[in-house]
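**Student:**
There are 2 protein chains.
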Amino acid sequence: MTKRIAIIGAGTAGLHLGLLLRQHDIPVTIITDRKPADMASGRLLNTVAHHHVTLAREKALGIDHWPAEEYGYFGHDHYVGGPQPMQFWGSFSQPSRAVDYRIYLPQLMNDFVERGGDIRYQQVTESQVSDLSREFDLIVVGTGKGVFGQMFKHITELSPYEKPQRALCVGLYKGVAPTQPRSTAMSSAPGQGELIAIPTLTFSGMSTALLMENVHGGDLEVLARLNYEADPNAFLDTLLAKLEKHHPTVYERIDQNVFDLCQPLDILQGGVVPTVRQPYTELANGRFAIAVGDVQSVVDPVVGQGANMASYSAWVLGHAIINEAVYDKRFCEKVERERQDRILAASKWTNAMLAPPSEAFLSLLAAMEQNQDIRDEFTENFSFPERQWDRLASDERIHAWLAEAGAFSQESVPQSQMA
Amino acid sequence: MTKRIAIIGAGTAGLHLGLLLRQHDIPVTIITDRKPADMASGRLLNTVAHHHVTLAREKALGIDHWPAEEYGYFGHDHYVGGPQPMQFWGSFSQPSRAVDYRIYLPQLMNDFVERGGDIRYQQVTESQVSDLSREFDLIVVGTGKGVFGQMFKHITELSPYEKPQRALCVGLYKGVAPTQPRSTAMSSAPGQGELIAIPTLTFSGMSTALLMENVHGGDLEVLARLNYEADPNAFLDTLLAKLEKHHPTVYERIDQNVFDLCQPLDILQGGVVPTVRQPYTELANGRFAIAVGDVQSVVDPVVGQGANMASYSAWVLGHAIINEAVYDKRFCEKVERERQDRILAASKWTNAMLAPPSEAFLSLLAAMEQNQDIRDEFTENFSFPERQWDRLASDERIHAWLAEAGAFSQESVPQSQMA
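Respectively, the protein sequence lines represent chains A and B.
Just so you know, we're using the working numbering here: the first sequence kicks off at 1 and counts up by one.
Just so you know, we're using the working numbering here: the second sequence kicks off at 1001 and counts up by one.
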């Protein structure tokens, strides 16, 4: 029984898995078409926070190059607009941390190669898949690009949306004052969308990622289309005007004399269709390909779960590879059963946050403003989406949480405030 | 949040669940159309062995009226016929035990009522389901009879067979000498089927259940159709002739002067279509019905998993009811995720045992004859079907097991010996 593992894609899932397997001297080959230098000099890839469960895996892998104590943040500053705005702060038990992936991924690729990992820089065509399945005992797929995206079918009942639910405009900005203690702002403009302002380590040092989640057809949607490069000042003026109107607590932190992208390529616009796919597939020769990361489940970034699920999925899969000898259908089923709860909970919770809030959820927000235990649990659960979903999966569960916490169920909060 | 639980059906799943909930003072109503006295005086219901994990649950429930030390058996006597017959004995870590369900179920119904459980004797029509869903917070369905069978849809990919795979003829017999130590005989006649001879506590004391699993179109199939009542001697003569030819090690234990059914109704003939169904369903008012036992997964009795899975499923569900406050879709998903591995493994393993054996499985049988560790693990795993399936799910796994145990992979055993 040999353990020859191929990983397609050098994202968080592929690299955390590759590094874990190298810790156990298992031969592993990562196949990617993105060279570290091209990645580092290219456009912003995303804005990603690693929560403490993910940081703990990084420590275990010996890749904690950016300690959270120095670069991290300690909780969420919530602001919910409307006629009677709500504002509250929720604490993590341990800090989260965001690093520009154009710094993060090349460093991990370097670590991987230094530890005996093999990287092949190539695109994989359909005809090469059967060669790979002869050469390797298991193919791990961490990218949905090209032939591999089609290998794993959509699961319709877990993929409720056919279009992006937010028009995204994400960038790295200078001129946004940090909060004390350092925190991520979660500003919600009822009917218009969300702004997540994340303290992020960038090529320019610590700056702020503004992740704008704009409702389609709303006042902020234009930000996902405005061309920064064509007219930087027009872009920034529009952005500032929108922030002032819809996200005042972040707007107040901005020094307009300095406010700008850190670098010209520090902006990304577009949208994500939340999609859950079949977690594994049998190849023509009877071997298996198993999905990790965005191939298995891609989520909107609104509650910052994507990269954390990718790392978690890689971790579960990696330990199964280490502990098991045979990589057959039963192996894939067991891996899936072990990781599925957290991954699907992250997807369901994220999708629920994109939908208009229920009366029960509005009651919960009102209770969070009053009750430290509830808001801290909600915040801590960014590391444990399955626990968050245990709390939020139905209105009945939310009411049970409020009752358990001794909070009033404030059913008088008007629906219109958040719709 | 109230906990009002209805259980439809008074089989092993329903009664173990009901008794567990009563231990925790949770109000529970069992609804069944079978009165204990009718059951006790009726035809044989089945032949069922409880393995030690199930017996441990009975102890925890305080219903161990038939201690395994006294009534149980300690392992499996295997006989595999063919040109070169194989014979070997595998040990349990702790004994299994079989009691006629016409004794077992009425006793547990009595225990349940004594402990404050409510039993309603009625059939449930379709129109009554909505009344029940208003009266109870959760409906547990443990019978596939009537309206409830249709509520849970077949899962096609887990239900590979459309017809029974064996023509069954099961009966309780006197005149079969027990083995020393007491054991269940598992006799396999290649191409013809299996005979499982189970030491069983009956209304006549300890006797022997002969569970004949006859291949359709084979020499033994007639036993599933022969009418005992019409001509007992003809039935017994035919049975003896077939046993002599196909199951010689059990035949040798028979005293022909005494051999007969213990009582006239101690025989049941027919077949089972192995079927896995959706584990839960949403009712019209938003409450849920969740399946246990045969409704969720009905298996052929060949490896004695049905009742043990019913008890296990009830146990997982019962603890979830005790620990959780809300019985919504998330609740059902979590229960299902927790119990699914063992229950589906039992189904897949059972189905695999009904199919013609692979070369790898024949090698395993040959290795079992030589290697005590392998045959004991195979035997012990009757309590842990998920571990059995870890060993048997693919030929690659069987070869890995043989390699791990240092056994030769005897690929020379001819396929024809078991087909």
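Ideal placement from N, C-alpha and C gives every residue a C-beta, glycine not left out.
1. Drop a sphere of 10 angstroms on the beta-carbon of A/ALA189, count the other beta-carbons inside from all chains shown, and report buried for 16 or more, exposed for fewer.
2. Closer than 9 Å by beta-carbon distance: list the chain B residues that pair up with A/GLN340, in chain order.
3. Within the 7 Å Cβ cut-off, does B/MET1001 reach chain A?
4. Under 7 Å between C-beta atoms, does A/ASP373 make it to chain B?
5. By a C-beta neighbour count over all protein chains shown, 10 Å radius and 16 as the cutoff for buried, is A/ASN258 buried or exposed?
6. Rank B/SER1127, B/SER1204 and B/ARG1115 by C-alpha distance to the C-alpha of B/ALA1284 and give the top, closest one.
7. Check the Cβ-Cβ distances between B/ASP957 and every residue of chain A, and say whether any is below 7 Å.
8. Taking the beta strand (DSSP E) that B/LEU1172 falls in, what are its first and last residues?
9. Alpha carbons only, please: which of B/ARG1277, B/ALA1366 and B/SER1159 is nearest the one belonging to B/GLN1084?
10. Check the Cβ-Cβ distances between B/SER1394 and every residue of chain A, and say whether any is below 7 Å.
11. Given a limit of 8 Å on CB to CB distance, which residues of the stretch 1033-1051 of chain B reach chain A?
12. Mark B/GLU1377 as exposed unless 16 or more other C-beta atoms lie within 10 angstroms of its C-beta, in which case mark it buried.
13. Quick check: the stretch 303-311 of chain A against the stretch 45-55 of chain A, are there 3 or more CB pairs under 8 Å?
14. Just checking: is the beta-carbon of A/ALA352 within a distance shorter than 7 Å of some beta-carbon in chain B?
15. In this structure, does DSSP put B/HIS970 in helix, strand or coil?
16. Taking 8 Å as the threshold, find out whether the stretch 1054-1074 of chain B comes into contact with the stretch 1085-1099 of chain B through three or more Cβ pairs.
17. Which residue marks the beginning of the alpha helix (DSSP H) containing A/GLY304, and which one marks its end?
18. For A/LEU15, which option in A/VAL113, A/GLN165 and A/ARG182 has the closest C-alpha, if you only look at C-alpha atoms?
19. To the nearest angstrom, how far is it from the Cα of B/TRP1315 to the Cα of A/ALA167?
20. Taking the DSSP output, what are the residues bridged to B/ALA1089?
21. From this set, B/GLY1009, B/ASN1381 and B/GLN1340, which residue's C-alpha is nearest B/ILE1030's C-alpha?
22. Taking the beta carbon of A/HIS51 as the centre, do at least 16 other beta carbons fall within 10 Å, making it buried, or is it exposed?
23. Could you work out which residue in A/VAL292, A/ASP100, A/HIS154 and A/GLN388 is closest to A/ALA346 when comparing CA atoms only?
24. At least one CB of chain A closer than 7 Å to the CB of B/ARG1397: is that the case?
25. Put A/LEU392 into one of helix, strand or coil per three-state DSSP.
26. Give a yes or no on whether the minimum CB-CB distance between A/ALA325 and chain B is below 7 Å.
27. Hey, quick one: how far does the beta strand (DSSP E) through B/PHE1288 stretch, first residue to last?
28. Assuming the contact rule is C-beta atoms closer than 8 Å, B/ALA1013 and B/SER1297 should be a hit. Round their C-beta distance to whole Å, please.
29. Could you pull the DSSP bridge partners for A/GLY117 from this structure?
30. Under a Cβ-count criterion, where at least 16 other Cβ atoms within 10 Å of its own Cβ denotes burial, should A/SER383 be classed as buried or exposed?
31. For B/ALA1400, decide whether its Cβ has a neighbour in chain A, counting only Cβ atoms nearer than 7 Å.
32. Using only the alpha-carbon positions, how far apart do B/ASP1390 and B/SER1311 sit?
33. Span of the alpha helix (DSSP H) holding A/TYR251?
34. Go through the stretch 1216-1289 of chain B residue by residue and report every complete run of the alpha helix (DSSP H) that reaches 4 residues or more, in order.
35. For A/TRP389, return the contacting residues in chain B, with the cut-off set at a CB-CB distance below 7 Å.
36. Is DSSP giving A/PRO83 helix, strand or coil here?
**Tutor:** Quick answer:
1. buried
2. ARG1337
3. yes
4. no
5. It should be pointed out that residue 258 of chain A corresponds to Val in this sequence rather than to Asn. A/VAL258 comes out exposed.
6. B/SER1127
7. The structure shown does not extend to residue 957 of chain B, since chain B spans only 1001 to 1419, so no value can be given for it.
8. For B/LEU1172, the uninterrupted beta strand (DSSP E) segment begins and ends at 1167-1174.
9. B/ALA1366
10. yes
11. none
12. Counting the other Cβ atoms within 10 Å of the Cβ of B/GLU1377 gives 16 or more, which makes it buried.
13. yes
14. no
15. The question about residue 970 of chain B has no answer, for chain B in this structure spans 1001 to 1419.
16. yes
17. Taken as a continuous stretch (DSSP letters only), A/GLY304 belongs to no alpha helix (DSSP H), as it is neither H nor E.
18. A/VAL113
19. 47 Å
20. In the sequence on display, residue 1089 of chain B carries Trp and not Ala. According to DSSP, B/TRP1089 bridges with B/ASP1077.
21. B/GLY1009
22. buried
23. Closest by alpha carbon: A/GLN388.
24. yes
25. helix
26. yes
27. Looking at the DSSP string, the run of the beta strand (DSSP E) that includes B/PHE1288 is 1288-1291.
28. Actually they are not in contact, since the Cβ atoms of B/ALA1013 and B/SER1297 sit about 11 Å apart, beyond 8 Å.
29. Per DSSP, A/GLY117 has no beta-bridge partner at all.
30. buried
31. yes
32. In this model, B/ASP1390 and B/SER1311 are separated by some 21 Å (Cα to Cα).
33. 248-251
34. 1232-1246 and 1248-1251
35. Contact note: A/TRP389 reaches chain B through ARG1330, using a C-beta cutoff of 7 Å and chain order.
36. coil
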